[in-house]
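Under our numbering, think of the first position of the sequence shown as 4, with each following residue one higher. Working notes for the structure below.
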Amino acid sequence: MTILLPRERTGADALRQSLTWPDFQRIVSKLSKRPVDIKLPKFKLEGTYKLKEPLSQLGASKAFGQSQADFSGITGSPDLFIDEVVHKAVVEVNEEGSEAAGATAVIFFTRGGSSSRPLPFVVDHPFLFFIRNRHTGDVLFAGQVNHL
């Protein structure tokens with residue numbers, strides 16, 4: 004998990020709105036592994052998203068059309084079409100680590116040189132978080148926590 008804690012207590016919204024993918028990659032490339040004494044509030048975020056419209060806009064509209072969809076390879080019947088696609092995401096962070104839709108990862112990074120003494124990191128105001136694949140660096144989940 005990568006946490007971006009703005010310097011300003013009210014800066015999470017501005018950071019989220021201005022953060023670009025190249026900015027994020029630049030920040031992550033400057034991080035190094037180091038022991039961290041982190042004070043992080045417990046939180047749980049859940050979201051349910053209907054994806055019919057976004058998927059249609061990306062070119063999958065035929066799958067949703069009663070007269071255009073062709074899933075006959077699945078059922079043998081030409082009558083099957085997709086009515087809706089629903090995605091549910093859950094991210095929970097507690098004393099035991101972080102869990103995102105069943106995938107568990109606890110990785111803390113910080114900028115700066117190496118040291119054997121843990122660096123204190125107190126997350127006491129709104130922040131952004133990113134749960135990334137530890138091998139590829141791909142962002143799997145991202146969110147903003149406003150209420151601590």
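Backbone N, C-alpha and C fix where the C-beta goes; we use that ideal spot for every residue, glycine too.
1. Roughly how many whole angstroms lie between the Cα atoms of Asp16 and Lys65?
2. Per DSSP, His150 is paired with what?
3. Going by other Cβ atoms of all chains shown within 10 Å of its Cβ, with 16 needed for buried, is Ile110 buried or exposed?
4. Take the Cβ of Thr5 as the centre, count every other Cβ of all protein chains shown within 10 Å, and call the residue buried at 16 or more, exposed below.
5. Which residues mark the beginning and the end of the beta strand (DSSP E) in which Ser35 is found?
6. Ordered along the chain, which non-local residues of its own chain (more than five positions away) have a Cβ less than 6 Å from that of Glu95?
7. So, with DSSP's three-state summary, where would you put Pro129?
8. Just the Cα atoms here: how many angstroms apart are Asn97 and Asn136?
9. Specify the secondary structure class of Ile85 as computed by DSSP and reduced to three states.
10. On the premise that Phe124 lies in contact with Gly146, defined as a C-beta separation below 8 Å, what is that separation, rounded to the nearest angstrom?
11. Quick one: what does DSSP say Glu98 is sitting in, helix, strand or coil?
12. Can you give me the C-alpha to C-alpha distance between Gly100 and Gly68, rounded to a whole angstrom?
13. Tell me which same chain residues have a C-beta within less than 6 Å of the C-beta of Gln20, skipping the five on either side of it?
This is what the structure holds:
1. Each residue's alpha carbon lies about 37 Å from the other.
2. Note: His150 sits in no beta bridge, so no partner.
3. The predicted model places Ile110 with a pLDDT of 37, which falls under 50 and marks its position as unreliable; any figure quoted below should be read in that light. Exposed is the call here.
4. Around the CB of Thr5, 16 or more other CB atoms lie within 10 Å, so the residue is classed as buried.
5. Judged by DSSP secondary structure, Ser35 falls within the beta strand (DSSP E) whose first and last residues are 34 to 36.
6. Beyond the five residues adjoining it in sequence on each side, Glu95 comes within less than 6 Å, by CB distance, of Lys47, Glu102 in the same chain, given in chain order.
7. Coil at Pro129, not helix or strand.
8. C-alpha separation (whole angstroms): 19 Å.
9. It is coil, neither helix nor strand.
10. Actually they are not in contact, since the Cβ atoms of Gly146 and Phe124 sit about 18 Å apart, beyond 8 Å.
11. Under the three-state reduction of DSSP, Glu98 is assigned to coil, being neither helix nor strand.
12. Inter-residue distance for Gly100 and Gly68 is about 43 Å (C-alpha atoms, whole angstroms).
13. For Gln20, where only same-chain residues beyond five positions count, there are no Cβ hits under 6 Å.
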